[in-house]
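The structure under discussion appears below in the form of structure tokens.
Residue numbers (the working numbering): 29 to 211.
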């Protein structure tokens, strides 16, 4: 399909925006929310909604959770999620990926807490960042003590990955998932 025809079909609502196109748009226009482009959820612009004056709760960013944990300087949060059991968490943003389906659907808000590699609980879900990989997976022990096995829930489309513990640059445990039901 020609590029102009594809854009026309996107405009009519017949086609969705690909992850690559969303990346191109957000690279050129950083104030546009990639999560909004891909899911239609949240605010169109990353800094459109002012942060809550109370600032109690977990800061929510209207962007892909993988982009949010990769940022060295995050924009102001769109708002704060105030649920007492999550108040000790560090960040909340949208999941865009499909690797953890059906456990974590695209568009779900993922609530994360920074975590230490030595405190990993096998069988729990974590957002793992290495030089070569960034994603949410369930962690199991590897074949030797210095390795970890990263398991996707969606085994039809994703394979397990083995990484070294020392390769982990950032680690967050998934403390909660919020799914908005459309009625």
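Quick reminder that beta carbons are idealized off the backbone N, C-alpha and C, glycines included.
For residue 81, does the count of other Cβ atoms within 10 angstroms reach 16, so buried, or fall short, so exposed?
Counting from one through the chain shown, the residue named residue 81 turns up at place 53. Low confidence applies here, because residue 81 scores a pLDDT of 43, under 50, leaving its location unreliable; read the following figure in that light. It counts as exposed.
Answer with yes or no whether the minimum CB distance from residue 154 to chain D is below 8 Å.
The chain inventory of the structure shown lacks chain D, comprising one protein chain alone.
Tell me which residue opens and which closes the alpha helix (DSSP H) that residue 63 is part of.
The count along the chain shown starts at 1 and reaches residue 63 at position 35. 62 to 67 is the extent of the alpha helix (DSSP H) around residue 63.
Within 10 Å of its beta-carbon, does residue 123 have 16 or more other beta-carbons around it, so buried, or fewer, so exposed?
The count along the chain shown starts at 1 and reaches residue 123 at position 95. Residue environment for residue 123: buried (at least 16 other C-beta atoms within 10 angstroms of its C-beta).
Throw me the rounded Cβ distance for the residue 154 and residue 142 pair, which I believe falls under 8 Å.
Indexing the chain shown from 1 puts residue 154 at position 126. Indexing the chain shown from 1 puts residue 142 at position 114. Contact flag wrong, Cβ pair sits at about 11 Å.
Quick check: is any heavy atom of the ligand SAM less than 7 Å from the C-beta of residue 61?
As presented, the structure is devoid of all ligands, the ligand SAM included, so that no description of it is given.
As a quick exercise: from 132, 113 and 127, pick the residue whose alpha carbon is nearest that of residue 183.
The residue labelled residue 183 in the question sits at position 155 within the chain shown. Comparing Cα positions, the closest option is 127.
Starting from residue 98, follow the alpha helix (DSSP H) in both directions and report where the run begins and ends.
What you label residue 98 is simply residue 70 of the chain shown in a count that begins at 1. Per DSSP, residue 98 belongs to the alpha helix (DSSP H) from 93 to 98.
Determine the closest residue to residue 172 out of 161, 194, 152 and 186, with distance taken between C-alpha atoms.
Taking the first residue of the chain shown as 1, we reach residue 172 at position 144. Looking at the Cα atoms, 194 is the closest of the given residues.
Output needed for residue 213: all residues of its chain with C-beta closer than 7 Å, excluding positions within five of it in sequence on either side, in chain order.
There is simply no residue 213 to check, as the chain begins at 29 and stops at 211 in what is shown.
What first and last residue would you give for the beta strand (DSSP E) that runs through residue 50?
As a first step, residue 50 is located in the chain shown; it is residue number 22 there, counting from the start. Per DSSP, residue 50 belongs to no beta strand (DSSP E); it is in the alpha helix (DSSP H), 47 to 56.
Between which two residues does the beta strand (DSSP E) containing residue 122 stretch?
Within the chain shown, the letter at position 94 stands for residue 122. Per DSSP, residue 122 belongs to the beta strand (DSSP E) from 119 to 122.
Assuming residue 109 and residue 138 are in contact, meaning their beta carbons sit under 8 Å apart, how far apart are those beta carbons, in whole angstroms?
Locating residue 109 in the chain shown gives position 81, where the first residue counts as 1. Locating residue 138 in the chain shown gives position 110, where the first residue counts as 1. Residue 138 and residue 109 do not touch by the CB rule: their CB atoms are close to 11 Å apart, not below 8 Å.
Where residue 203 falls, given that 16 or more other Cβ within 10 Å makes a residue buried
For this step, residue 203 is matched to residue 175 along the chain shown. Classified as buried, residue 203 has 16 or more neighbouring CB atoms from the shown chains inside 10 Å of its CB.
Residue 92: which of 70, 107, 84 and 113 sits nearest, CA to CA?
Here residue 92 refers to the residue found at position 64 when the chain shown is read from its first residue. Each of 70, 107, 84 and 113 was checked against the Cα of residue 92, and the nearest Cα belongs to 70.
Considering only the beta carbon of each residue, do residue 95 and residue 62 sit closer than 8 Å?
Residue numbering aside, residue 95 sits at position 67 when the chain shown is read from its first letter. Residue numbering aside, residue 62 sits at position 34 when the chain shown is read from its first letter. It is a contact, given that the beta carbons lie within the stated cut-off.
Out of 89, 118, 181 and 132, state which residue places its alpha-carbon closest to the alpha-carbon of residue 206.
Looking up residue 206 in the chain shown gives position 178. Residue 206 has its Cα closest to that of 132, out of 89, 118, 181 and 132.
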